[in-house]
Every structure is written in structure tokens, then in C-alpha cells.
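In terms of the UniProt record's numbering, the sequence shown opens at residue 1 and continues consecutively.
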Amino acid sequence: MPQRSRIAQARVTGLDNAADRLRNRVNSAELVRVRRGCYIDASAWLRSPPWERHLIAAVAAGLSRETEIFCRETALALYGVPLLQTPDAVHLRTGNNGRTGRRPAAAITGAASRSALARAWHGTFGERPSGEAWLRRFNGVDTKRIQYPLPLRAEVRKGLNPLAEAEYQRALQRLAPPLLEHFNPGEVRLHAEPLELCVVDTACQADPAAAVVILDAVLAGRFTGRRVQRSAFDPWLACLPSARARARWDSALAFADPLAESPGESLSRVRIAQLGFRKPILQHSITASGGRHYRTDFCWPEARIVGEFDGHMKYTRAKALQDAEPAEVVVWEKTRERRIEQQGYRVVRWDWADLRSPETLRRLLDDYGVPRAA
């Protein structure tokens, strides 16, 4: 298990020399300044994938200003809800119209020279950087401040109205950010809007596929630890800003299915529908010889076709295999596929690249004879 970095705060001690030491370490590219007064090891920042850097920036924002309220995609990420794409900014509420909108991240590398940054890269990855693309890894994460939903405001350009504020404040949650591969958030607790409001407020303005990924996971309780009933969203539907937003919400909720077990399966469902194929049965069980049951991602029983999404985190279907070596899991999967085929099914597989190229997926499903919707 790698050692996880934690955020250092200059203002916690109140000592000027502590702030000076941290500033000097930024200028030598040992640390990066994620937010004002909040620093993290440069190597941890460089090693962290985009979705983790987004969460690190969120934690830093909450440490910099303890009254911050997280909303939309950032709040969902703090709850542990999977997102189709990493947010390009930390989403925060504001009641001041003059503060709404995107604020670019300040430089996180201080006065560090290019050569200092190159040394940090080499120390992290064991290789010297080339070209210019590597420098983007030293970019910070923007902040986006968003007004409260219109029905909760006192006026169009003002914050919460007194009647709505008490209920809103009671519904706020104090969240412990998730433990990440290269970052330990410590004991910090961040203010976030209730999960149901975050889902409603995000899904109504998101791409339909992104909305379905969120709803599938939340209805299943797959990452949050608790299943949310569809009726739990009702108290927050008044926050939808328009009839068009309500229509987008209704469409996404109607399509959502908690049986989808991963973001890749959720996106697969959307693509299958968009391409005009018949709706598959999810998690359909096929009984093989000897009485063993094999659960499939997608199945069209009448056509004797099984569909399988192969993501980077595939092969976690059976708990018994969680500690197996990758080669053992591959053998198990091949055996599983062979036994399904012995029951007269054809198995078609696709991956993220196919989902990002709908035309490729269409040809693949057509080639295997997946039936079209009536």
C-alpha cells in the first residue's frame, strides 16, 4: 500500500516561519499549493489521476474556508457516486450573484522553475519529461460557484429565502472525503448538500448518459452504501429550474435501472438504446451443465446472445476471485464464457473504446445479430 500524502496548512500553526518554509518547498517543486494555505507533496499530486486531484482540491477548498457548501458533481464525488467524466472545477454554492461563475485556479507551483518541475517529475516517475504536455499535470483545479436553486432564493439575485433556509440547513450533510490511493484527507468533514438534491440538480442539466450513470448507482446504493428510493427525490423537484429541466429529469429517472453494476454498464445501456437495439435483460442468469449459474451483464434470451462490458476493473464479479492473480481470473473468465456458449449463446464483448465510438459499437452488435427494437 503506497504512503498517502496529507494536506499541510500554513495557517493552522499561525507561525510565519512555517508559511515561509512551505512557500520555499513550493518554489523548489517539493510541494504544490492546491488552495491558499493548503499544500500537498508534488509527487502525490502528480501520481493522482484527474478524479483524485479534483477531490484533493475539494478538500483543500473546505479546509481553506470551513463554511463552503459543496454541490452538484463535486458533492456527488464526495458521496462516492461514480461520474462519467471528472468535473473540471470544484462546485460550490454561493448566495452572491457577483461571485457566481468559474474562477481559474491560481498557479499551484509558485515560483518553481521549469527545471525544478522537471526534477519533481523525474523523482516521481523515474524518467525525464519531454515535450510540453507533462506540464499540464501541474495545473490546478478551477472553482465554480453556483447560485442556490431559484425556488429557494429570496430574490433572483439573492441567496436563500428565510422560509427555505432552515429546511436547507437541516438537510446539509457533513461528509468525510473518501480515502484515495495517494491522498489521506484526515479527519476533515465537508458541508455538502443532501444526496437527493445533488442528484436532481446535476441530472437535470447533465448529458443523458452522465445522468443515467449517476442515477443507476444511487438507486442501487452501489457506492454510497444506501439505496435511494425514487420517491426520495420528490421533495427536491421544485428546485428544477424549468419545464425542460423537468422533462430531462423525468426521462433520466424513467430510464435508470439499479441492476446496472458499473458506470460502463450504465453507459452501455444508454448506447444500446440510442443505437436502436432491443432493451436487454440485465444480470440474467444462465444455468450451465452441472447446475452452475452464470450471471451476465446483458442478455437477449430470445436471440441467444449475451453482452459483456469489459472495463479496466472487470473480473470482480465473484467475491471468491478478489484475491486471485490476474492470470487466474482471465482463465476463470474464459472458462465461464465457454460454458455459457455451450448452452447455445453467443457472447459479444465491448469496452470503453467501443462506447466512445457508437458507430463501432453499432457494427459490433449488428455483426453478432443483436435484435433491433420494434
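Note that beta-carbon positions come from the ideal geometry of N, C-alpha and C, so glycine has one too.
All values derive from a computational prediction rather than experimental measurement.
### Task
Could you pull out every residue in the same chain whose Cβ sits closer than 7 Å to the Cβ of G80, ignoring the five residues on either side in sequence?
Locating residue 80 in the sequence shown gives position 80, counting from the first residue. Only P178, F223, T224 meet the Cβ criterion.
### Query
Is it the case that the Cβ atoms of K144 and G95 are separated by a distance below 8 Å?
Counted from its first residue, the sequence shown places residue 144 at position 144. Counted from its first residue, the sequence shown places residue 95 at position 95. Result no, Cβ atoms of K144 and G95 do not sit closer than 8 Å.
### Query
Going by beta carbon distance, what residues of the same chain come within less than 7 Å of Q343, once the five residues before and after it are set aside?
As a first step, residue 343 must be located in the sequence shown, where it is residue number 343. Excluding residues within five positions, the ones whose Cβ falls inside 7 Å are I286, A288.
### Task
Quick one: give me the first and last residue of the beta strand (DSSP E) that W350 is part of.
Sequence index remark: in the sequence shown, residue 350 carries index 350 (1-based). It spans 346-350 - the beta strand (DSSP E) in which W350 sits, taken as one unbroken run.
### Message
Tell me the DSSP secondary structure of A8 in three-state form.
### Response
For this step, residue 8 is matched to residue 8 along the sequence shown. Residue state, collapsed to three classes: strand.
### Message
Does G264 pass the burial test, meaning 16 or more other C-beta atoms within 10 Å, or should it be called exposed?
### Response
On the sequence shown, residue 264 is found 264 positions in, with the first residue counted as 1. Buried.
### Task
List the residues that DSSP assigns as beta-bridge partners of R372.
Here residue 372 refers to the residue found at position 372 of the sequence shown. F277, per the DSSP bridge assignment.
### Task
State the beta-bridge partners of C299 as determined by DSSP.
Along the sequence shown, one-based indexing puts residue 299 at 299. Partner(s): I281, V306.
### Task
Below 7 Å CB to CB, which residues in the same chain sit around T124 once its five sequence neighbours on both sides are set aside?
Residue 124 sits at position 124 when you count from the first residue of the sequence shown. Excluding residues within five positions, the ones whose Cβ falls inside 7 Å are S43, L46, R47.
### Message
At the level of alpha carbons, what is the spacing between R189 and R174?
### Response
Along the sequence shown, one-based indexing puts residue 189 at 189. Along the sequence shown, one-based indexing puts residue 174 at 174. Approximately 5 Å, taken between the alpha carbons.
### Task
Sort A353, R278, L364, H284 by Cα distance to A374 and report the nearest one.
Residue numbering aside, residue 374 sits at position 374 when the sequence shown is read from its first letter. Considering only alpha carbons, the answer is R278.
### Message
Extract the residue ranges of the alpha helix (DSSP H) inside the region 173-237, only unbroken runs of 4 or more that lie entirely within it.
### Response
195-203, 208-220
#### Entry: Same chain, Cβ closer than 7 Å to P280, neighbours up to 5 away in sequence not counted
Along the sequence shown, one-based indexing puts residue 280 at 280. Only I272, F298, C299, W300, G307 meet the Cβ criterion.
#### Entry: Residues that DSSP places opposite Y294 in a beta bridge
One-based indexing of the sequence shown puts residue 294 at position 294. BP columns for Y294 point to I286.
### Query
Should D250 be labelled buried (16 or more other beta-carbon atoms within 10 Å of its own) or exposed?
As a working mapping, residue 250 is identified with position 250 in the sequence shown. Answer is exposed; the Cβ neighbour count stays below 16.
### Query
Got a sec? Which residues, its chain only, sit under 8 Å from S228 by beta carbon, not counting five neighbours each side?
In the sequence shown, the residue the question calls residue 228 occupies position 228. It is worth fixing the name first, because residue 228 is Val in this sequence and not Ser. These residues qualify, in order along the chain: L195, E196, V199, V218, L219, G221.
### Q205 beta carbon less than 8 Å from that of A243
Stepping through the sequence shown from its first residue, residue 243 is reached at position 243. Stepping through the sequence shown from its first residue, residue 205 is reached at position 205. Contact flag unset, no.
### Query
How should M313 be labelled, buried or exposed, when 16 other C-beta atoms within 10 angstroms of its C-beta is the threshold for buried?
Position 313 of the sequence shown, counted from the start, is the residue given in the question as residue 313. Note that M313 scores a pLDDT of 45, beneath 50, so its modelled location is shaky; the value from the coordinates is reported in the next line. Its Cβ having fewer than 16 others within 10 Å, M313 is exposed.
### Message
Checking the sheet assignment: what are the DSSP bridge partners for G101?
### Response
Locating residue 101 in the sequence shown gives position 101, where the first residue counts as 1. R145, per the DSSP bridge assignment.
### Query
In terms of residues, what are the limits of the alpha helix (DSSP H) holding T67?
The residue given as residue 67 occupies position 67 in the sequence shown. Element bounds for T67: n/a, residue is neither H nor E.
### Which listed residue (N184, G140, R248, T202) has its alpha carbon closest to that of P82
Sequence index remark: in the sequence shown, residue 82 carries index 82 (1-based). Residue T202 is the option with its Cα nearest to P82.
### Cβ-based neighbour list, C239, same chain, cut-off 7 Å, excluding 5 preceding and 5 following
Locating residue 239 in the sequence shown gives position 239, counting from the first residue. Closer than 7 Å at Cβ, skipping near neighbours: P149, P151, L152, L197, V200, D201.
### Message
Tell me the rounded alpha-carbon separation between L63 and L365.
### Response
The sequence position of residue 63 within the sequence shown is 63, counting from 1. The sequence position of residue 365 within the sequence shown is 365, counting from 1. Their backbone Cα atoms lie some 49 Å apart in a straight line.
### Whole-Å CB distance - R103 paired with D41, under 8 Å assumed
Taking the sequence shown and counting its residues from 1, one reaches residue 103 at position 103. Taking the sequence shown and counting its residues from 1, one reaches residue 41 at position 41. Incorrect: roughly 25 Å between the Cβ atoms, too far for contact.
### Query
CB-CB under 8 Å to R339, same chain, minus the five flanking residues each way: which ones, in chain order?
Residue numbering aside, residue 339 sits at position 339 when the sequence shown is read from its first letter. Contacts found: A288, S289, R292, Y294.
### Query
Since R33 is in the beta strand (DSSP E), which residue starts that stretch and which ends it?
As a first step, residue 33 is located in the sequence shown; it is residue number 33 there, counting from the start. Segment 31-35, the beta strand (DSSP E) holding R33.
#### Entry: Residue environment, Q147, which counts as buried when at least 16 other CB atoms sit within 10 Å
Numbered from its first residue, the sequence shown carries residue 147 at position 147. The residue is buried, with at least 16 neighbouring Cβ atoms inside 10 Å.
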